[in-house]
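At position 78 of the sequence shown (counting the first as 1) the number is 840 in the working numbering, and the numbers step up by one without a gap. Data block below; observations after.
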Amino acid sequence: MVAAFLPNHSKQTINMGYIILSDWKTDLEKVSLSKLQINLLNKGLAESKRNVDDLLEGNTVTIEVDDEILASKFINEAQKIGVICHYLPSIKDT
């Protein structure tokens, strides 16, 4: 977990986690997947394209995120365009 300080000086805990892109369906919309990474996750074009290429080559792609709600939105949209994916929360330090 990471502590973030908001403009009003309150302390908020952010839960880190991972989006796991594990496979794809035959109707995968490759360009849409790249755009989704750019628009929702603020990834660059080169990284987004590399992630799509890696997925198509049969590799599992792991994307670190610090917003579980944003990750959920990404996963919902990615599944609509043919990506098999899920969210994996990070292990919290005790």
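For every residue, glycine included, the Cβ atom is placed at its ideal position computed from N, Cα and C.
Length of the line joining the Cα atoms of residue i and residue j
{"i": "K715", "j": "K854", "result": "The chain is shown only over 763 to 856; residue 715 falls outside these bounds and no answer can be derived."}
{"i": "G844", "j": "E791", "result": "7 Å"}
{"i": "D829", "j": "A840", "result": "16 Å"}
{"i": "L817", "j": "P851", "result": "21 Å"}
{"i": "G806", "j": "I800", "result": "6 Å"}
{"i": "L795", "j": "L783", "result": "11 Å"}
{"i": "C847", "j": "T822", "result": "9 Å"}
{"i": "L832", "j": "D815", "result": "23 Å"}
{"i": "K842", "j": "D785", "result": "13 Å"}
Counterpart residues of residue i in DSSP-defined beta bridges
{"i": "G779", "result": "V827 and P851"}
{"i": "D785", "result": "I846"}
Residue environment, residue i, which counts as buried when at least 16 other CB atoms sit within 10 Å
{"i": "I781", "result": "buried"}
{"i": "N813", "result": "buried"}
{"i": "V875", "result": "Shown here, the chain extends from 763 to 856; a query on residue 875 therefore has no answer."}
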